[in-house]
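> Chains as they are written, first to last, in the numbering used here: chain A, 1 to 116; chain B, 1001 to 1110.
Virtual Cβ for every residue (Gly too), placed ideally from N, Cα, C.
Before anything else, here's the structure in question.
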């Protein structure tokens, strides 16, 4: 019974294509995130949604567009893929509202994106 | 800018030995958390220490926090081969963002 699930696990595609990664959490959390992990294992926040509202939008090319149809889902759509987009993308969720500063992040198992 | 910085970047020890990883950060925090990442998997939360705490234990894990030095350490005692993973610290202020360090790759040799 996976708490944060993301699909697909692997994604191999050519430059210029458009692709999507889906994420769902069944923990009832109010906030979801997308992180990018590069080849050196460095994790960088991309987006954060709180109750379907965009809260954090780091310096990410506008080719990346998150979509949150409801607070249990946060999908990531990437247009015109480039070689530098190759990385592992992690979805995560946490309870942020109220006095929940001590709620940790729960991660999915990642989507390894390879752009050729 | 990146908040947490772990050292060492990589650590190799024998089974049964203790492993110590350090994390430094730059700004004020509400709490600091440690996560483990096994190869090909997502990060898993290990332990959280609040800014008003100095030490915390969980099983074989011991975390310390020194807010005056803006640093934390994670000690894993009596290490096992299954502890082989990357370990990350993450800081959280009063917003929604968790900021991760670059991680320490721990190898525990049988």
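Compare the C-beta of residue 110 of chain A with all C-beta atoms of chain B and state if any pair is closer than 8 Å.
Closer than 8 Å: yes.
> Where residue 115 of chain A and residue 78 of chain A are concerned, what is the direct C-alpha to C-alpha distance, given to the nearest angstrom?
Taking the straight line from one Cα to the other gives about 12 Å.
> Any C-beta of chain D within less than 9 Å: which residues of the region 27-41 of chain A qualify?
The chain inventory of the structure shown lacks chain D, comprising the protein chains A and B.
> Can you confirm whether residue 57 of chain A, when its beta carbon is compared against all beta carbons of chain B, has any partner nearer than 8 Å?
No, residue 57 of chain A lies away from the interface with chain B (no Cβ there is under 8 Å from its Cβ).
> For residue 108 of chain A, which of B/1034, B/1044 and B/1020 has the nearest alpha-carbon?
When only C-alpha atoms are compared, the closest one is B/1044.
> Is the CB of residue 43 of chain A under 8 Å away from at least one CB in chain B?
Judged by the 8 Å Cβ criterion, residue 43 of chain A is in contact with chain B.
> Listed from N- to C-terminal order along the chain, which residues in the region 49-74 of chain A have their beta-carbon within a distance smaller than 8 Å of any beta-carbon of chain B?
Result list: 50, 55 and 56.
> Rounded to whole angstroms, what is the Cα-Cα separation between residue 1090 of chain B and residue 62 of chain A?
So the two alpha carbons sit approximately 26 Å from each other.
> Would you check if the region 1092-1103 of chain B and the region 1053-1067 of chain B touch, i.e. whether three or more CB-CB distances between them fall below 8 Å?
They do not touch, by the three-pair rule.
> Alpha carbon to alpha carbon, how far is residue 1057 of chain B from residue 1063 of chain B?
Straight-line Cα distance between these residues: approximately 6 Å.
> Which residue wins for smallest C-alpha separation from residue 1046 of chain B, given the options A/111, A/104, A/47 and A/113?
The option with the nearest alpha carbon to residue 1046 of chain B is A/104.
> Alpha carbon to alpha carbon, what distance is there between residue 1039 of chain B and residue 102 of chain A?
Approximately 26 Å between the Cα atoms of the pair.
> Got a sec: which bits of the region 77-107 of chain A sit with their beta carbon under 8 Å from any beta carbon on chain B, in order along the chain?
Listed in sequence order: 90, 92, 94, 96, 101, 102, 104, 105, 106 and 107.
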